Amino acid sequence: MNGAHDGKVAFITGAASGIGLAIAERLHGDGAKVVLADIDEGRLSQAAERIGGDQARLDVTDADAFEAAIDQVRQDHGRLDILVNNAGVIDIQPVAETTPEAWQRLFAVNVHGTFNGCRAAARVMREQGSGSIINASSGAGRRGVANIAGYCASKAAVISLTQSLAAELAPHGVRVNAYVPGHIQTPFWHGIAAGFAGVTGKSEDEVVEMFRATVPMGRFGTPQEVAAAVSWLASDEASYVSGESLAMNGAEFPY
Ligand SMILES: NC(=O)c1ccc[n+]([C@@H]2O[C@H](COP(=O)([O-])OP(=O)(O)OC[C@H]3O[C@@H](n4cnc5c(N)ncnc54)[C@H](O)[C@@H]3O)[C@@H](O)[C@H]2O)c1
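This is the structure we're talking about:
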């Protein structure tokens, strides 16, 4: 895919860590100018300096701030070709112990944050007559999983939003897709292992092993394996692909 994104401008949220960082690196390696956005200012500046991209300190739940960040990209680079709504959070609790605030926070980041990005990018891309929006869902958005009901519901909402916006924006030359990772080795898993250990009584190592054992390939994926698929989705090679939710999961969730 070397050169696949020459001359393009990409904005990636949650880009200071894990999958978002790998996507920023990959799109940059494939020729795009990248703008890394994250709420964590310290790790963001380290990541942006390492890759050689612009940085935008952004809380995706703030619709005005998201719009201002996208306007800044247009001012700086004249266009926006790729938006990756990657930022996401998880909360691990039995439903009876889940507070309304925790539920709302999940939706604020995972769903409203994605909507905020789609809305801001749609305004630019519609006018441009081109663009690719790619949203982070999850295998958990395709099925129910005990103790993460809010996360599953929020990631299912991302798939639904993706399908509707793909139909709406297709006449304007804008494609909208989602990526659906299975278990990917990132810092996200520190929280997941600790959270499931808390509700199941297993050790963190046992939790990780429990999830690994569900993957037919017998291993977690890497952020780079997700990034490769996202780069393809964003590329002109995928020109007739829109509304798709593409899984990278070692053959898990085969339905
Ligand atoms: N790692 C996995 O196994 C896995 C599986 C399925 C889906 N996903 C999804 O992939 C995406 C990336 O996950 P990851 O594993 O790289 O996680 P991660 O925790 O390593 O990185 C997430 C990044 O998002 C940032 N972030 C959180 N809230 C934010 C906000 N309000 N505004 C801006 N940035 C914010 C964090 O600071 C962090 O840098 C998430 O949407 C996650 O739900 C991950």
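Following the working numbering, the numbering of the sequence shown begins with 1 at its first residue and continues without gaps.
For every residue, glycine included, the Cβ atom is placed at its ideal position computed from N, Cα and C.
This structure is a prediction, so every number in the text was calculated from the model and none was measured.
Item: DSSP state of residue 243 mapped onto helix, strand, coil; Value: coil
Item: Residue 106: CB within 7 angstroms of a non-hydrogen atom of ligand 1; Value: no
Item: Option nearest residue 141 by Cα separation, candidates 82, 180, 74 and 71; Value: 180
Item: Bounding residues of the alpha helix (DSSP H) (the contiguous stretch that carries residue 192); Value: 188-200
Item: Short Cβ contact (8 angstroms threshold) for residue 74 with residue 83; Value: no
Item: Extent of the continuous alpha helix (DSSP H) run through residue 72; Value: 63-77
Item: Classification of residue 116 by the beta-carbon crowding that lies within 10 angstroms, buried from 16 upward; Value: buried
Item: Where residue 175 falls: helix, strand or coil (DSSP); Value: strand
Item: Heavy atom of ligand 1 within 7 angstroms of residue 150 beta-carbon; Value: no
Item: Residue 248 and residue 234 closer than 8 angstroms at C-beta; Value: no
Item: Distance cut-off 7 angstroms: residue 174 Cβ against heavy atoms of ligand 1; Value: no
Item: Residue environment, residue 190, which counts as buried when at least 16 other CB atoms sit within 10 Å; Value: exposed
Item: Nearest-angstrom Cα separation, counted from residue 12 out to residue 129; Value: 20 angstroms
Item: Start and end residues, alpha helix (DSSP H) containing residue 165; Value: 149-169
Item: For residue 54, the residue or residues it bridges with in DSSP; Value: 35
Item: The segment 102-113 contacting the segment 47-54, beta-carbon criterion three pairs below 8 angstroms; Value: no
Item: heavy atom of ligand 1 below 7 angstroms from residue 86 C-beta; Value: yes
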